[in-house]
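The numbering of the sequence shown is this note's numbering, which starts it at 1278 and goes up by one.
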Amino acid sequence: MQKTPVILVTGANGQLGRCFQNLESAFPNWRFLFADSTHLDVNARRNVFAFFEKHQPTWVLNGAAYTAVDRAESEPERARAVNYTGAKNIAEACARLGIPTIHFSTDYVYHGGQNTPLQEDAPVHPKSVYARTKLAGDRAVLRHNPLMGMVIRTSWLYAPHGHNFARTMLRLGAERPELNVVFDQVGTPTYAPFLAEAVLHIIGLVENGDVAPTSLAGIWHYSNEGVCSWYDFAQTIVDLAGLPARVNAIETKDYPLPAPRPSFSVLNKAKIKSAFGLEIPHWRRGVERFLRENG
Ligand SMILES: NC(=O)c1ccc[n+]([C@@H]2O[C@H](COP(=O)([O-])OP(=O)(O)OC[C@H]3O[C@@H](n4cnc5c(N)ncnc54)[C@H](OP(=O)(O)O)[C@@H]3O)[C@@H](O)[C@H]2O)c1
1278 MQKTPVILVT GANGQLGRCF QNLESAFPNW RFLFADSTHL DVNARRNVFA FFEKHQPTWV
1338 LNGAAYTAVD RAESEPERAR AVNYTGAKNI AEACARLGIP TIHFSTDYVY HGGQNTPLQE
1398 DAPVHPKSVY ARTKLAGDRA VLRHNPLMGM VIRTSWLYAP HGHNFARTML RLGAERPELN
1458 VVFDQVGTPT YAPFLAEAVL HIIGLVENGD VAPTSLAGIW HYSNEGVCSW YDFAQTIVDL
1518 AGLPARVNAI ETKDYPLPAP RPSFSVLNKA KIKSAFGLEI PHWRRGVERF LRENG
């Protein structure tokens, strides 16, 4: 008889983690373990190994991350503890059990001057503490779980819960007459429920024997399809939500932040689409769904 998959989600109360929680009921034959930092601090190496020994997961989705991009500039050790050491601990514990690690990362690792969609082997050039610690984490996952370490880099993640740009625009668009948003940073928003669904689809392919678990190893890109600036994204949210606010396009130099942002973050998703037969929706479909699901 086939063993029931036991899927551990770390950082389970984060944006992406909560999307996996929302999908649990759609997979009644799988067992999910949702652990946030209070249940499982990924930085606490001995606890990670003890947790794995006790619960014997067969998959780990590492949603734990330090994502305060600007704050990371003033507390690099805290960012590194989660994004690098935590990822390393998780990958090592997975390798010991011989199970896959699905780890999530960011377009920020590239930060190049490119203007065509970035492939997984594009040169990395992280320019902030957040980006450097995330890249170190990606490399740790690939090194310490070389057979089944899957690193999915995504961009501009947002969900109907948590702190994100889309929810901020909805709130400010209702409060203020005008919003100033940068138009010289281009990328693609990713509606987190789509990413969570894609990940569970991939797990299903492996569980059904359609895909070998070792074929997961490596770097993969996932975002929604299409291209826009933050200004376009904001304008679309305001338009589709029917808000009266005027959205002004401004330059990055007029909105200084502690951590630099990449000017071009469009990810090429050809690899993940062809390997797992994924159909990825356009980012506008994400905004429409977000407006229906936002609580
Ligand atoms: N948000 C974006 O725009 C974006 C873009 C590209 C890629 N990503 C990547 O996508 C992934 C998911 O992002 P997200 O937006 O879902 O992040 P998020 O909402 O910030 O969630 C991260 C979760 O990690 C938990 N966490 C922090 N330190 C931990 C620790 N030591 N042990 C265990 N859990 C810990 C946090 O819990 P506490 O609140 O209890 O600390 C939080 O629930 C991350 O890897 C991120 O780097 C995000």
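Glycine included, C-beta positions come from ideal geometry on N, C-alpha and C.
Within the chosen limit of 7 Å, ligand 1 reaches the beta carbon of N1320 through at least one heavy atom. Around the CB of D1415, 16 or more other CB atoms lie within 10 Å, so the residue is classed as buried. Between S1500 and T1431, the C-beta spacing is below 8 Å. For M1425, DSSP assigns no beta-bridge partner whatsoever.
Within the same chain, Cβ atoms closer than 7 Å to the Cβ of H1388 are found at H1402, P1403, K1404, A1408, P1539, the five residues on either side in sequence being excluded.
The C-alpha of D1509 lies about 18 Å from the C-alpha of P1394.
Rounded to the nearest whole angstrom, the CA to CA distance from E1352 to A1345 is 10 Å. If you look at F1309, you'll find it in the beta strand (DSSP E) that goes 1308-1312. Between E1397 and W1497, the gap from beta carbon to beta carbon is short of 8 Å.
By the C-beta criterion, the stretch 1518-1536 is judged not to be in contact with the stretch 1371-1380, since fewer than 3 inter-stretch pairs fall below 8 Å. Here the alpha carbons of W1336 and Y1343 stand approximately 21 Å from one another. If you check the C-beta of T1378 against ligand 1, you find no heavy atom less than 7 Å away. Counting along the chain, S1382 sits inside the beta strand (DSSP E) bounded by residues 1378-1383. Rounded to whole angstroms, the separation of the alpha carbons of R1323 and V1524 is 50 Å. Under the DSSP definition of a beta bridge, L1472 lacks any partner. DSSP places E1452 in the uninterrupted alpha helix (DSSP H) bounded by 1442-1452. If you check the C-beta of G1563 against ligand 1, you find no heavy atom less than 7 Å away. If the five residues before and after A1372 are omitted, its C-beta is found closer than 7 Å to the C-beta atoms of H1421, N1422, all from its own chain and listed in chain order.
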